[in-house]
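Q: Residue numbers (UniProt numbering): 1 to 878. My structure is below; once you've seen it, I'll send some questions.
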Ligand code: ADP
Ligand code: MG
């Protein structure tokens, strides 16, 4: 019986290895190829568009197979990782020519979405965070994250699943490592968000990594970091010398915003495209280095809440803003600084090449120049930073002495180390040069002896050095002078014993020199590895400086001012702007607006027609707060603000069309989270909340929410609404102020002024718009009448609500809304008369019956108008 393919030693080795990586594509190295087998092959061939073949297709059990040449592997890995798969790279661990029996193979790395470091997946200006989650007996969550390319390692303590989801989404983590304490339901939460859940149930941290957690006091945090480190060790199987000591952070130490709010405010991702374009990050990013770009994003994700820290940034931004030339010089020097953090990571991983080291040197050589620029600025402001900048000169000098200026990509094929760096290497190189000189002389002397002018000495990999003579000249070669080696179409190649002797000297020297070069290169790399922490500290300083100069550039370009941070809970912004909308539409067209919320005003109730600028106004305030607390200047003529602890942003379901996922239920849950978690130090934006349900229902909820915020939460709140009825609340809620966005009619067009004014909006715009649309005159009159009638009804409702409030909150007469006097008595009579006139015809009877059955409470004024219009038509519109 023939042997089954699956029984061959190689397939058995494959199966044994695959068993340990059931959830990964196993890339199994055979010679110059990586091969995939079985299901991996079937699925892989489809995803990677490879040809599916089979191993031993004549056997009884052909095995599905596909493969790719080893040099092209990176592309394929990238595709799989990007699609959310894992890839196990299995290499031949010995030279197949020297192996006895089966070549030994091992998985040298498990690449996963959260651990991928060297690929196109990582954009220079963003981090790739691998997160980890565990839970203790008290249901507290330990949370940790690391970026393997930069070595950042952080941990925290969270008490709710929401808080965890928030962190994970904020960090844009693609993979979370959990242990068995995290139940299936919690894991599902991440999977629903397309985040890969990886399992690490045992913990085993190598002794050499134990220092990473030595500063952690909290046991849960330490356990979580250990879980994360174990997973990283198990998957990476390589040096992790660049990982930085774990730092515990406290989310409440920063301005907190849930991911929904961040999304909604378009801080780093635009709602429409999901891209950076059109976001606050897009506006702010004038950074010149990759590290600066990443830090800017981190600052944007976590604005500060400590006055001193914010002001320390402000002072530096101000100093840079005032010194245009120094700032430009600084930018010029920063541009030439490469990604020090990721270079340090590559040093640790052992995959740096000569070019990386030249980049490192170039970057380090910039530091003294940057120091020089800083020394020209106020030393009270930049003195500390200047002192902290370490140019790591010893390493720059080492690279300068040892690595050639334009090294090749490969580190194993020589030509990397400079002449004069190592005596032995110089000797080998001399031998090589002498040998080559000897060859050149040989060519000259043989030409002379034979008289063949195109005789040449050449070299190829298979035959080594040779003397080549064209067929036409063969007769001129003295008998027995050379030994024939190879015949070409129109030439013959020869050798001589002396030639071969020289050749072996040259080749030996060459081989020894490449081996030595690699050894020297590895030594240099090891030396750099010793200073990784210095490089990382330097990277942080450079990144900070870069973000600060970016703030200064933006503040100048867009006319930002330094905000004053108040302690008296009052907001006073003069001429504030939405920086992104302004940038997009141009400074000339944007209408600046004030925000005035003294201690005595907690809620601004914003009314105004659609598209008048309500949402923009609200976001403008939130962005101004975020900018201020990042330490940046703000888009206004002047601004004074308190320091907020949290920002909540909720958008009414009807407005949240783009996200397309927000139901009324979600809206209410989100609103609930805001009112439950906000403090008097928080900022709440409720944009047309309550729109997602029937009119009265929604209005009732909106009013109740406003009252609750006013009476219990006391957070600074902007509430925009299309329920004009709510504007009456300023009668009972003394910390509520009405503002509205103005609009005027100009040459028959309705023009939005985008200007905030005090008081409630004029509410006749709906009919106004209908008029502009050219609706029949009598219809419009009718609508006007209906509206008046509805207003009277609403007035009653309002008064009921107002009265109740008043009785509860104060003694004395209920207040009457001055601005909205009831319609005159005759008017009311006229309206009522309309409904009392009962037509005595069957058509009329039927309509009357319909009127009786109509549930007014479930209709919008527009519905009512439409219905009335239909009835009127049926009645023949007398
Ligand atoms: P609303 O929420 O009242 O429906 P938006 O805030 O969405 O209105 O604004 C609608 C549009 O009006 C915006 O897309 C913008 O083009 C313009 N706009 C808003 N505020 C201003 C402003 N202050 N100056 C100029 N244009 C503005
Ligand atoms: Mg809006």
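Backbone N, C-alpha and C fix where the C-beta goes; we use that ideal spot for every residue, glycine too.
Closer than 8 Å is the cut-off here; do at least three beta carbon pairs connect the segment 236-245 with the segment 527-542?
A: Output reads yes: the segment 527-542 touches the segment 236-245.
Q: Which of the three DSSP states, helix, strand or coil, is assigned to residue 147?
A: DSSP places residue 147 in strand when its eight states are reduced to three.
Q: Using CA atoms only, rank isn't needed, just tell me which of 165, 375, 210 and 538 is closest to residue 340.
A: Selected option, being the one with the closest Cα: 538.
Q: State yes or no: is the C-beta of residue 741 within less than 8 Å of the C-beta of residue 754?
A: Contact flag set, yes.
Q: Pull up the DSSP beta-bridge partners for residue 465, would you.
A: For residue 465, which the question treats as bridged, DSSP gives the partners 459.
Q: Is there contact here, the segment 573-580 with the segment 636-645, by at least three beta-carbon pairs under 8 Å?
A: At 8 Å Cβ cutoff, the stretches touch.
Q: Quick check on the burial criterion: 16 or more other C-beta atoms within 10 angstroms. Buried or exposed for residue 234?
A: Counting Cβ neighbours within 10 Å, residue 234 comes out exposed, since fewer than 16 surround it.
Q: For residue 213 versus residue 203, is the C-beta distance shorter than 8 Å?
A: The answer is no: Cβ separation not under 8 Å.
Q: Starting from the N-terminal end, write out each residue whose C-beta falls within a distance shorter than 5 Å of any non-hydrogen atom of the ligand ADP.
A: Result: 590, 591, 610, 611, 612, 613, 614, 615, 616 and 754.
Q: Measuring alpha carbon to alpha carbon, tell me which residue in 666, 681 and 633 is nearest residue 599.
A: Residue 681 is the option with its Cα nearest to residue 599.
Q: I want to check one thing, is the minimum distance from the CB of residue 688 to the heavy atoms of the ligand MG below 7 Å?
A: Flag set: Cβ of residue 688 near the ligand MG.
Q: Would you give the residue range spanned by the beta strand (DSSP E) that residue 644 belongs to?
A: Per DSSP, residue 644 belongs to no beta strand (DSSP E) and is neither H nor E.
Q: Suppose you measure from the CA of residue 519 to the CA of residue 144; what does that come to, to the nearest Å?
A: The straight-line gap from Cα to Cα measures roughly 37 Å.
Q: Quick check: residue 385 and residue 542, are their CB atoms within less than 8 Å of each other?
A: No; because the gap between Cβ atoms is not below 8 Å, this pair is not in contact.
Q: What number of angstroms, rounded off, separates the C-alpha of residue 569 from the C-alpha of residue 550?
A: Cα to Cα, residue 569 sits roughly 29 Å from residue 550.
Q: Report the residue from 14, 113 and 724 whose alpha carbon sits nearest the alpha carbon of residue 85.
A: Closest option to residue 85, Cα to Cα, is 113.
Q: Excluding five sequence neighbours on each side, which residues of the same chain lie with their C-beta closer than 8 Å to the C-beta of residue 843?
A: Closer than 8 Å at the Cβ level, and outside the excluded window around residue 843, lie 874 and 875.
Q: Could you spell out where the alpha helix (DSSP H) holding residue 403 opens and where it closes?
A: Counting along the chain, residue 403 falls outside any alpha helix (DSSP H), and DSSP gives it neither H nor E.
Q: Within 10 angstroms of its Cβ, does residue 332 collect 16 or more other Cβ (buried), or is it exposed?
A: Residue 332 should be labelled exposed.
Q: In three-state terms, what does DSSP make of residue 828?
A: Confidence is the limiting factor: at residue 828 the pLDDT is only 39, short of 50, which leaves the residue's position unreliable and the question unanswerable from this model.
Q: With respect to the alpha helix (DSSP H) encompassing residue 266, which residues constitute its N-terminal and C-terminal limits?
A: Careful: residue 266 lies outside any alpha helix (DSSP H) and carries neither H nor E.
Q: Along the chain, where does the beta strand (DSSP E) that runs through residue 106 open and close?
A: 105-111 is the span of the beta strand (DSSP E), which, as asked, contains residue 106.
Q: Cβ of residue 96 within 7 Å of any heavy atom in the ligand GDP?
A: The ligand GDP is absent from the structure shown, which contains only the ligand ADP and the ligand MG.
Q: So residue 294 and residue 127 are supposed to be a Cβ contact under 8 Å. How far apart are they, rounded?
A: Right, their Cβ atoms sit about 6 Å apart.
Q: With C-beta atoms as the reference, is residue 67 less than 8 Å away from residue 35?
A: In contact: residue 67 and residue 35 (Cβ atoms closer than 8 Å).
Q: According to DSSP, is residue 245 part of a helix, a strand, or is it coil?
A: Coil.
Q: Of the residues 790, 760 and 689, which one's Cα is nearest the Cα of residue 724?
A: Minimum Cα distance to residue 724 is reached at 760.
Q: If contacts are defined as beta-carbon pairs under 8 Å, then residue 562 and residue 314 qualify, I think. What distance do you get, rounded to the angstrom?
A: With a Cβ gap of about 6 Å, residue 562 and residue 314 count as contacting.
Q: Distance, Cα to Cα, residue 343 vs residue 130?
A: Residue 343 and residue 130: Cα-Cα distance of roughly 19 Å.
Q: Go through its chain and collect everything with a Cβ distance to residue 148's Cβ below 6 Å, but skip five positions before and after it.
A: Only 115 and 117 meet the Cβ criterion.
Q: DSSP beta-bridge partners for residue 67?
A: DSSP lists 35 as partners of residue 67.
Q: Could you name each continuous alpha helix (DSSP H) segment of 4 residues or more that falls completely within the segment 489-556, going from the start of the chain to the end?
A: The qualifying runs are 497-529.
Q: Sort 337, 422, 523 and 369 by Cα distance to residue 540 and report the nearest one.
A: For the residues 337, 422, 523 and 369, the minimum Cα distance to residue 540 belongs to 337.
Q: Using DSSP with H/G/I as helix, E/B as strand and the rest coil, what is residue 631?
A: If DSSP states are grouped into helix, strand and coil, residue 631 belongs with coil.
Q: Where does residue 387 sit, in a helix, a strand or coil, going by DSSP?
A: Reduced to three states, the DSSP call for residue 387 is helix.
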